[in-house]
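Undergrad: Mind having a look at this structure? Questions to follow.
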Amino acid sequence: MNEQSLGHMFFDRAKLHAAGAAFRVKKNGAYVDVGYREAAERVNAIAAGLMTVPGGLARRAGVGILGPIATASFSDWDLGLDVNIGGVVNGITTFLPRMIAQGTGGHIVNTASLSAISPSPRDSTIYATTKAAIMAMSEAMQEELADHGIGVSVLLPGPFKTNIREVGRNRAARYQSESGYRAVEERLAAREDASDWLDPLEAGYMVRDAILQNRLYVITHGEFKGWAESKFEDILAAYPPPRDPERAKAMGRRRPIRKT
């Protein structure tokens, strides 16, 4: 992957610049609302004007939308779906054809969450829904894009010291009406970072290593492994015996992904 990179939406520009400096990234930045398809197209136009095709596409922007599902409004659902899923779709649909046409491979990193594989905490229905979708999307993309020499990784982070919980402050005007989560978001915004939450740069180094090794899953917190084990034990236990044991044996396990 080359060192050319396009900036996506970060609410704290100083932190974005600091992260770019830490990784020695040459960046042509564009601050956009990732929920708008027109914004992704605008960044694509900027890249075309610079004669730049991204060798890597990192889809990071997201909102930590939390609250009881019974009080969620259409605006709350639209916010979670548009940013956490739509933002990824917009980036991939806009940039992937140019990456393929370039013919030199590359790598795509999508950000999900440990909520996608661990039992989801209370009041996280919208958030967990979006992150499970991103993990499934990344898994499905990996085999297909290997034909083009493009690797795929999905970042599954636990708690980090970010502003993801500041949903209320960062809501675009079109998501403000009739939200059922205003009180919850005010409490979340006032919450201090816990001492055991990690620095986002640690995730950056993990992602870098995953790209270099072409690994699909990037999991940041080993402390939650037991939660995932419990979930997958329940899933495996729910499978009935195969109706055709010979066919089941022939199908075997999931075939390994080819390295790019």
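Residue numbers (the working numbering): 212 to 471. Positions of the beta carbon are idealized from the N, C-alpha and C atoms, including for glycine.
#1: Nearest CA to the CA of F285: which residue from G437, A414, S388?
#2: If contact is defined by three or more beta carbon pairs under 8 angstroms, each pair taking one atom from either stretch, is the segment 414 to 433 in contact with the segment 332 to 340?
#3: I need the straight-line Cα distance from K372 to R402, nearest angstrom please.
#4: For G391, which residues from the same chain have a beta carbon less than 7 angstroms from its beta carbon, with the 5 sequence-adjacent residues on both sides left out?
#5: Return the chain-ordered list of same chain residues with a C-beta closer than 7 angstroms to the C-beta of S329, the five sequence neighbours on each side being excluded.
#6: Report the residue from S364, I446, R454, A384 whose alpha carbon sits nearest the alpha carbon of G415.
#7: What three-state label does DSSP hand S441 in the structure shown?
#8: Helix, strand or coil, according to DSSP, for S331 in the structure here?
#9: What is the DSSP secondary structure of N425, counted as helix, strand or coil?
#10: Which same chain residues end up closer than 8 angstroms to A233 when comparing Cβ atoms and leaving out the 5 residues on each side of it in sequence?
#11: Grab me the residues of E457's own chain with a C-beta within less than 7 angstroms of its C-beta, minus the 5 sequence neighbours each way, in chain order.
TA: Taking the structure as given:
#1: The residue you call residue 285 lines up with position 74 of the sequence shown. Comparing Cα positions, the closest option is S388.
#2: Taking 8 angstroms as the limit for Cβ pairs, the verdict is that the segment 414 to 433 does not touch the segment 332 to 340.
#3: If you number the sequence shown from 1, residue 372 lands on position 161. If you number the sequence shown from 1, residue 402 lands on position 191. One alpha carbon belongs to K372, the other to R402, and they sit about 11 angstroms apart.
#4: Counting from 1 along the sequence shown, the entry for residue 391 is found at position 180. Annotation for G391: G278, T282, A283, S284, D287 place their beta carbon closer than 7 angstroms to its own, counting only its chain and skipping 5 residues before and after.
#5: As a working note, residue 329 is residue 118 in the sequence shown. Excluding positions up to five away in sequence, the list reads F435, W438, A439, K442.
#6: Taking the sequence shown and counting its residues from 1, one reaches residue 415 at position 204. Distances from the CA of G415 to each of S364, I446, R454, A384 were compared; the closest alpha carbon is that of S364.
#7: Position 230 of the sequence shown, counted from the first residue, corresponds to residue 441. Three-state DSSP puts S441 in a helix.
#8: The residue you call residue 331 lines up with position 120 of the sequence shown. Looking at S331 - three-state DSSP - the assignment turns out to be coil, as it is neither helix nor strand.
#9: Here residue 425 refers to the residue found at position 214 of the sequence shown. Here N425 sits in coil by DSSP.
#10: Taking the first residue of the sequence shown as position 1, residue 233 is located at position 22. Here A233 scores only 46 on pLDDT, less than 50, and its place in the model is too uncertain to base an answer on.
#11: Reading the sequence shown from its first residue, position 246 is the one you call residue 457. Cβ neighbours of E457 beyond the five flanking positions: none.
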